[in-house]
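*Asks:* My numbering puts the first residue of the sequence shown at 35, with every later residue one more than the last.
Quick reminder that beta carbons are idealized off the backbone N, C-alpha and C, glycines included.
Can you keep this structure in mind? I'll have questions shortly.
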Amino acid sequence: MCGVVGYIGHRQAQANLLESLARLEYRGYDSCGIAVLDGSIRVLKDVVRVADLAATSEPLEGTSGIGHTRWATCGEPNQANAHPHYDCTRNIAVVHNGTINNHQQIKARLLAGGHTFSSDTDTEVISHLIEENYQGDLASAVRATLNQIDGSYAIAVIHHKEQDKLVVARCGSPLIIGLGEGENWVASDVPAILDYTKKVIFMEENELAVITRQGVRLWRDGREISPEIKEVEWTAIQAQKGGHEHFMIKEIREQPRIIRESNSVLAHSGGSDPGLIEILSSNPPPTILLLACGTSYHAGLIAKYLIQELLGLSVHIEIASEFNYQRHRISEDLGIIITQSGETADALIAMRSLRKEGMKLLVITNVPGCSASRLADETWYTRAGPEISVAATKSFTAQLKVIYGLLLSSSRLDRRDRDRLTGAFRHLPSNIQQIIDNHQDIQSCGKYLAGYNNVIFIGRGLNYPIALEGALKLKEISYIHAEGCAGGELKHGPLALLSAETPVVVILSRDATYEAMLNTIREIKVRGAPVIAITPARESDIDNLVDRVIHIPEVENLVSPMLNAVALQLLAYYTALERGCPIDMPRNLAKSVTVE
Ligand code: AGP
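Now the structure itself:
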């Protein structure tokens, strides 16, 4: 939700800021803008994508500045509301990711005091407050301003009288500082700076930094501290399309490699340092609370099923945003939070309240140094590499892989199930590769679905969450209304929607639910709705019953969600491609949802 960048060094800031912004566009793309210090402050901003701003903008001379790519919250996406925002005198420019809760009261007071505003955003109050607080030192003025606002922020600020510095601060929204030789960067996320440096300071809550060409000074809660410098593992290549048409298809195609590389991690997870996960083996049987949002929640539903079925533990799962408004709840022994970005506001709010209660928290995340990992007692990384497309794909299967790793870590898992899982994982990368290589049937189903306005996905058991995920993926990138539902629930309501105009995607599992699902298909067919079946290769009897079939390789049913997920990712991709949708950046969405 909004990307913030900043640069100070010896290169031209304009090109540098725009390149960094382009790498953060997945965080929001309603508008974008930059401000460069060139003796004064020069601002370029518009309701365009970063590439268009780069192509059309006049050259700005200057070697320091800030930039922003916006996901609109307060104030519609228009030129005036695009960041950077100024004060009255245009001496100060501010970019901001977050929400200022008390902006209306502050704005009323400032207006009464003679300030004039040029946008509807909450952010603009920050620049006016800094103007009011400025007495010759930008850092002090920012500090005083932050004491007056209530909300979340990652901000970068420049002042025309202090050409040699950026002042940045974080509270509730992520911010990192990249370190170079005679040049430094600031950004909301690591991909923005990977082209330039791998040395990073992950800013913590309530930290403020002054960044110059020579270095960084950092304060936490007003006290100066020495920054901890980390080396990031991600590479610039990982965050590029590398010849693929979209990030989404690149990320789908990366899955066999990610699962192959992780097989050693799975083997290790049963090893010498089980950490928090030993709770899964302890007695009396522990209870687990799972929290997540969106696609990560679907991974959580599969985790619940597997932990209950294979370890016999009681698992309670909640969508994080719903959990945050519950008044009465049971206290479980272990909280597991699943979040690709590690910055999802709803998940972080839940984590903070669980921490206060003293619950042990384990996070499954993809982003090193993310806020969730800093709130957790222990972090298991999915190691999928940067995921740029707004639609989560490789991070989902990588989350599942970690969940299987957790199961394998528990001594509660019986020998037979352990063998079934480890055996299945050996072949999983090549099974997934097969689906990707033989994508023609899926592509043709995508072309077919592209002509419809409504699609229903059904699955049962372990593959019910996959039906939810298939529907989410399709609606998110192709804008077709899609609904996921449990196979057995169809007759309790959704059946009323069926007609020749409403195709149903049926995910078949080779388990006790198989026959019941065949009956469901018959019930759908007699209502005239077209059926696309996703089924293990061996089930050729299905071919005569349905309109189209996507055969997936025959695998141990416990890992079938991994294969079905990939097939449905491809289905959504090819449907959206056929409809000419902006696949990596669907309208109204952003990659990490840092607002509640
Ligand atoms: C998935 O395709 C979505 N873009 C979205 O549902 C996402 O999974 C959700 O916002 C949760 O994000 P997180 O995993 O980073 O917490």
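Apart from the five residues just before and just after I422, which ones in its own chain have a Cβ nearer than 6 Å to its Cβ?
*Replies:* As a working note, residue 422 is residue 388 in the sequence shown. Here the set comprises Y60, F281.
*Asks:* Consider the C-beta atom of V224 and the heavy atoms of the ligand AGP; say whether any pair is separated by less than 7 Å.
*Replies:* Counting from one through the sequence shown, the residue named residue 224 turns up at place 190. For the ligand AGP, not one heavy atom lies less than 7 Å from the Cβ of V224.
*Asks:* Kindly examine the ligand AGP and report whether one of its heavy atoms sits closer than 7 Å to the Cβ of V629.
*Replies:* Position 595 of the sequence shown, counted from the first residue, corresponds to residue 629. No, Cβ of V629 sits at least 7 Å from all heavy atoms of the ligand AGP.
*Asks:* Please report the straight-line C-alpha distance between H461 and D229, rounded to a whole angstrom.
*Replies:* In the sequence shown, counting from the first residue as 1, residue 461 sits at position 427. In the sequence shown, counting from the first residue as 1, residue 229 sits at position 195. The straight-line gap from Cα to Cα measures roughly 35 Å.
*Asks:* Hey, T632 and E366: beta-carbon distance below 8 Å or not?
*Replies:* Coverage of the chain is limited to positions 35 through 630, which leaves residue 632 absent and any answer about it impossible.
*Asks:* Quick check on this structure: which residue in W268, G206, I286, N358 has the alpha carbon closest to the alpha carbon of R417?
*Replies:* Against the sequence shown, residue 417 aligns to sequence position 383. Of the listed residues, the one whose Cα sits closest to R417 is W268.
*Asks:* Pull up the CB-CB distance for Q374 and S443, whole angstroms please, since I reckon it's below 8 Å.
*Replies:* Start at 1 with the first residue of the sequence shown, and residue 374 comes out as number 340. Start at 1 with the first residue of the sequence shown, and residue 443 comes out as number 409. Wrong, their Cβ atoms sit about 21 Å apart, outside the cutoff.
*Asks:* Using 8 Å as the threshold, is the C-beta distance between A567 and E588 below it?
*Replies:* What you label residue 567 is simply residue 533 of the sequence shown in a count that begins at 1. What you label residue 588 is simply residue 554 of the sequence shown in a count that begins at 1. No, Cβ-Cβ distance for A567 and E588 is not below 8 Å.
*Asks:* Taking the alpha carbon of S315 as the reference point, which residue from L347, P290, T329, E215 has its own alpha carbon closest?
*Replies:* Counting from one through the sequence shown, the residue named residue 315 turns up at place 281. Ranking L347, P290, T329, E215 by Cα distance to S315 puts L347 first.
*Asks:* S303 to G439, Cα distance in whole Å?
*Replies:* Locating residue 303 in the sequence shown gives position 269, counting from the first residue. Locating residue 439 in the sequence shown gives position 405, counting from the first residue. With a pLDDT of 41 at S303, under the threshold of 50, the predicted position of this residue should be treated as unreliable, and no value is reported.
*Asks:* How is the beta strand (DSSP E) around S174 delimited, first residue to last?
*Replies:* Looking up residue 174 in the sequence shown gives position 140. Not the beta strand (DSSP E): S174 falls in the alpha helix (DSSP H), residues 172-180.
*Asks:* Quick one: is P616 buried, meaning 16 or more other Cβ sit within 10 Å of its Cβ, or exposed?
*Replies:* The sequence position of residue 616 within the sequence shown is 582, counting from 1. With fewer than 16 other Cβ atoms within 10 Å, it is exposed.
*Asks:* In whole angstroms, what is the alpha-carbon distance linking G216 and E265?
*Replies:* By 1-based counting over the sequence shown, the position of residue 216 is 182. By 1-based counting over the sequence shown, the position of residue 265 is 231. Spanning the two alpha carbons is a distance of roughly 18 Å.
*Asks:* Does DSSP put C36 in a helix, a strand or coil?
*Replies:* Against the sequence shown, residue 36 aligns to sequence position 2. The answer is coil: DSSP assigns C36 none of H, G, I, E or B.
*Asks:* Given a cut-off of 8 Å on the beta-carbon distance, is the pair A501 and G493 in contact?
*Replies:* Looking up residue 501 in the sequence shown gives position 467. Looking up residue 493 in the sequence shown gives position 459. Their beta carbons are under 8 Å apart, which means A501 touches G493 by this criterion.
*Asks:* How about M327: is its Cβ closer than 7 Å to a heavy atom in the ligand AGP?
*Replies:* Working through the sequence shown from its first residue, we reach residue 327 at position 293. Here residue 327 is Cys; the residue named in the question, Met, does not match the sequence. It does: the Cβ of C327 is within 7 Å (strictly closer) of some heavy atom of the ligand AGP.
*Asks:* Can you have a look at G527 and say buried or exposed, based on whether 16 or more other CB atoms are within 10 angstroms of its CB?
*Replies:* Residue numbering aside, residue 527 sits at position 493 when the sequence shown is read from its first letter. Exposed, by the Cβ-count rule.
*Asks:* Between the region 593-605 and the region 389-409, can you find at least three pairs of beta-carbon atoms closer than 8 Å?
*Replies:* At 8 Å Cβ cutoff, the stretches do not touch.
*Asks:* Just checking: is the beta-carbon of F357 within a distance shorter than 8 Å of some beta-carbon in chain C?
*Replies:* Annotation note: the requested chain C is absent from the structure, which comprises a single protein chain.
*Asks:* For D121, I'd like the list of residues in its chain whose CB is within less than 6 Å of its CB, leaving aside the five on either flank, ordered along the chain.
*Replies:* Translated into the one-based positions of the sequence shown, residue 121 becomes position 87. These residues qualify, in order along the chain: S161, H162, E165.
*Asks:* For T416, verify whether its CB is less than 7 Å away from any heavy atom of the ligand AGP.
*Replies:* Along the sequence shown, one-based indexing puts residue 416 at 382. No, since every heavy atom of the ligand AGP falls outside the 7 Å radius drawn around the Cβ of T416.
*Asks:* Would you say the beta carbon of A425 is closer than 7 Å to some non-hydrogen atom of the ligand AGP?
*Replies:* Looking up residue 425 in the sequence shown gives position 391. Yes - the ligand AGP has a heavy atom lying nearer than 7 Å to the Cβ of A425.
*Asks:* With DSSP as the reference, please indicate the residues paired to G212 in a beta bridge.
*Replies:* Translated into positions along the sequence shown, residue 212 becomes position 178. Beta-bridge pairing links G212 to W219, V234.
*Asks:* Around the Cβ of T90, are there at least 16 other Cβ atoms within 10 angstroms (buried) or fewer (exposed)?
*Replies:* Taking the first residue of the sequence shown as position 1, residue 90 is located at position 56. Looking at its Cβ environment, which holds fewer than 16 other Cβ atoms inside 10 Å, T90 is exposed.
*Asks:* Do I245 and L200 have their C-beta atoms within less than 8 Å of each other?
*Replies:* Here residue 245 is taken as the residue at index 211 of the sequence shown, counted from 1. Here residue 200 is taken as the residue at index 166 of the sequence shown, counted from 1. A contact, by the Cβ cut-off of 8 Å.
*Asks:* Hey, could you find the ends of the alpha helix (DSSP H) E557 is sitting in?
*Replies:* Position 523 of the sequence shown holds residue 557. From DSSP, the alpha helix (DSSP H) with E557 extends over 548-560.
*Asks:* By the three-class DSSP mapping on this structure, what secondary structure does C404 have?
*Replies:* The sequence position of residue 404 within the sequence shown is 370, counting from 1. Reduced to three states, the DSSP call for C404 is coil.
*Asks:* Taking DSSP as the reference, what is the three-state secondary structure of N50?
*Replies:* Counting from one through the sequence shown, the residue named residue 50 turns up at place 16. Helix.
*Asks:* Which residue marks the beginning of the beta strand (DSSP E) containing C205, and which one marks its end?
*Replies:* Here the question's residue 205 lines up with position 171 in the sequence shown. Counting along the chain, the beta strand (DSSP E) containing C205 begins and ends at 196-205.
*Asks:* Whole-angstrom Cβ separation of D72 and E95, contact assumed at under 8 Å?
*Replies:* Within the sequence shown, numbered from 1, the residue matching residue 72 stands at position 38. Within the sequence shown, numbered from 1, the residue matching residue 95 stands at position 61. Sure, about 5 Å apart at Cβ, within 8 Å.
*Asks:* Are the beta-carbon atoms of L325 and G369 separated by less than 8 Å?
*Replies:* Taking the sequence shown and counting its residues from 1, the one referred to as residue 325 is at position 291. Taking the sequence shown and counting its residues from 1, the one referred to as residue 369 is at position 335. Yes, they are a contact pair.
*Asks:* What is the residue span of the beta strand (DSSP E) that Y598 lies within?
*Replies:* Residue numbering aside, residue 598 sits at position 564 when the sequence shown is read from its first letter. Note that residue 598 is Asn in the sequence shown, not Tyr. Taken as a continuous stretch (DSSP letters only), N598 belongs to no beta strand (DSSP E), being part of the alpha helix (DSSP H) at 594-612.
*Asks:* Could you have a look at R254 and say whether DSSP puts it in helix, strand or coil?
*Replies:* Here residue 254 refers to the residue found at position 220 when the sequence shown is read from its first residue. Reduced to three states, the DSSP call for R254 is strand.
*Asks:* Quick one: complete alpha helix (DSSP H) runs, 4+ long, within the region 114-190?
*Replies:* Taking only runs of at least 4 residues, the alpha helix (DSSP H) segments lying wholly in the region 114-190 are 137-146, 158-167, 172-180.
*Asks:* Can you tell me whether K435 is buried or exposed, with buried defined as 16 or more other CB within 10 angstroms of its CB?
*Replies:* Here residue 435 corresponds to residue number 401 of the sequence shown, with the count starting at 1. The residue in question, K435, is buried, as its Cβ has 16 or more Cβ neighbours within 10 Å.
*Asks:* Rounded C-beta distance between M237 and L209? I'm assuming under 8 Å.
*Replies:* Your numbering for residue 237 matches position 203 in the sequence shown. Your numbering for residue 209 matches position 175 in the sequence shown. Between L209 and M237 the Cβ distance is about 5 Å, and since that is below 8 Å, they are a contact.
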